[in-house]
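*Asks:*
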Amino acid sequence: MKYYWLLLLAFLVIGIAVKVVSEPNMPLNVYLFKLINYHQVGALNPVMVFLSKYGREYVWIPLTAILLVFKKTRRIAITLAASFILAIIVGEISKYAFAQGRPFLYVHPDYLLVPPPTDYSFPSGHALIVSDGALVLARMAPRWLWIIMMIEALLVSYSRVYVGVHWPYDVVAGWLLGGWTSLLTVDLERRGTLAFVEKFLKA
13 MKYYWLLLLA FLVIGIAVKV VSEPNMPLNV YLFKLINYHQ VGALNPVMVF
63 LSKYGREYVW IPLTAILLVF KKTRRIAITL AASFILAIIV GEISKYAFAQ
113 GRPFLYVHPD YLLVPPPTDY SFPSGHALIV SDGALVLARM APRWLWIIMM
163 IEALLVSYSR VYVGVHWPYD VVAGWLLGGW TSLLTVDLER RGTLAFVEKF
213 LKA
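Numbers given in the working numbering equal positions in the sequence shown, counted from 1, plus 12.
#1: If you measure between the beta carbons of Ser136 and Val183, is that distance less than 9 angstroms?
#2: On a CA-only basis, which of Leu75, Pro36, Ile100, Val53 is nearest Trp192? Give me that one, please.
#3: Look at the alpha carbon of Lys65 and the alpha carbon of Arg202, and state the distance between them as a whole number of angstroms.
#4: When the Cα atoms are used, what is the spatial distance from Leu80 to Ile28?
#5: Val148 and Thr91: beta carbons closer than 9 angstroms?
#6: So, for Leu140: in the same chain, excluding its five sequence neighbours on each side, which residues have a beta-carbon less than 7 angstroms away from its beta-carbon?
#7: Do you know whose CA, among Leu195, Thr205, Asp199, lies nearest Leu20's CA?
#8: Report yes or no: do the segment 35–43 and the segment 166–175 share at least 3 C-beta pairs separated by less than 8 angstroms?
#9: In this structure, does DSSP put Leu157 in helix, strand or coil?
#10: Once you ignore the five residues that flank Met162 on each side, which residues in its own chain have a CB closer than 7 angstroms to its CB?
#11: I believe Val142 touches Gly67 by the beta-carbon criterion, under 8 angstroms. Please report the beta-carbon distance rounded to the nearest angstrom.
#12: Buried or exposed: Asp122, going by 16 or more other Cβ atoms within 10 Å of its Cβ?
#13: At the level of alpha carbons, what is the spacing between Phe116 and Met38?
#14: Give me the residue from Asn49, Ile78, Ala89 with the minimum Cα distance to Met152.
#15: Quick check on DSSP: helix, strand or coil for Phe116?
#16: Pick out whichever of Glu164, Gly204, Trp179 has its Cα sitting closest to the Cα of Met60.
#17: What is the DSSP secondary structure of Pro129, counted as helix, strand or coil?
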């Protein structure tokens, strides 16, 4: 059994727990949310809002496109794209399967810094995508690049709780699911499963 299946198992355990209990009824979840969201620093608010709004597609799509241009990094770009597609699919299915409300629906919304999203909360789609991308890079990219993008991914994930749109468990679940999608995709790439895409691009 590949160890990354344990990440999926951990995600499902948390998912079942939040489905049965509901996130606003989980004391540690609420405590951590208030600890982060209620202690905002005025000077950091614009930075956190920027990261929350633009740290996903406005960073990862251009990065993937740049990596695709160069032959040396094309495999990385193809793996990123495939992993993102998988992450988006399982992320959307999970949101509707677990159907958890956003924290501002239950906790005083005074510290909500961005327009309220209308979809479900669990797992965090932002945390899922940025962790997925960072972990693919950690397996395939130069050290300097994946370290920078790992920091970016952590900041974006933190910002989602900071601005008030996600519970901490949403973010943890996003990273667990992102770990599974990224490592599964990298494993498939190393087995040659994605080679046909690179051959198509060369044609």
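C-beta atoms are modelled at their ideal positions from N, C-alpha and C, and glycine is treated no differently. Just so you know, these numbers come straight off a predicted model, no measurement behind them.
*Replies:* In short, the structure shows the following:
#1: Walking along the sequence shown from the start, residue 136 turns up at place 124. Walking along the sequence shown from the start, residue 183 turns up at place 171. Closer than 9 angstroms, so yes.
#2: Indexing the sequence shown from 1 puts residue 192 at position 180. Here the closest residue by C-alpha is Ile100.
#3: As a working mapping, residue 65 is identified with position 53 in the sequence shown. As a working mapping, residue 202 is identified with position 190 in the sequence shown. In a straight line, the C-alpha of Lys65 is about 33 angstroms away from that of Arg202.
#4: Mapped onto the sequence shown, residue 80 falls at position 68. Mapped onto the sequence shown, residue 28 falls at position 16. One C-alpha to the other measures close to 38 angstroms.
#5: Taking the first residue of the sequence shown as position 1, residue 148 is located at position 136. Taking the first residue of the sequence shown as position 1, residue 91 is located at position 79. Yes, the pair counts as a contact, with Cβ atoms nearer than the cut-off.
#6: Sequence index remark: in the sequence shown, residue 140 carries index 128 (1-based). Here the set comprises Ala99, Gly103, Gly186, Leu189, Gly190.
#7: Counting from one through the sequence shown, the residue named residue 20 turns up at place 8. With distances taken between Cα atoms, Leu20 lies closest to Leu195.
#8: no
#9: If you number the sequence shown from 1, residue 157 lands on position 145. Correct three-state label for Leu157: helix.
#10: Translated into the one-based positions of the sequence shown, residue 162 becomes position 150. Once the five neighbours on either side are set aside, the close Cβ partners of Met162 are Ala146, Ala150.
#11: On the sequence shown, position 130 is the one that residue 142 refers to. On the sequence shown, position 55 is the one that residue 67 refers to. Going by Cβ atoms, the distance from Val142 to Gly67 rounds to 7 angstroms, so yes, they are a contact pair.
#12: For this step, residue 122 is matched to residue 110 along the sequence shown. Burial call: exposed.
#13: Walking along the sequence shown from the start, residue 116 turns up at place 104. Walking along the sequence shown from the start, residue 38 turns up at place 26. So the alpha carbons of these two residues sit roughly 15 angstroms apart.
#14: Sequence index remark: in the sequence shown, residue 152 carries index 140 (1-based). The option with the nearest alpha carbon to Met152 is Ala89.
#15: On the sequence shown, residue 116 is found 104 positions in, with the first residue counted as 1. Phe116 sits in a helix when the DSSP states are folded into three classes.
#16: On the sequence shown, position 48 is the one that residue 60 refers to. Comparing Cα-Cα distances from Met60 to each of Glu164, Gly204, Trp179, the minimum goes to Glu164.
#17: Translated into positions along the sequence shown, residue 129 becomes position 117. It is coil, neither helix nor strand.
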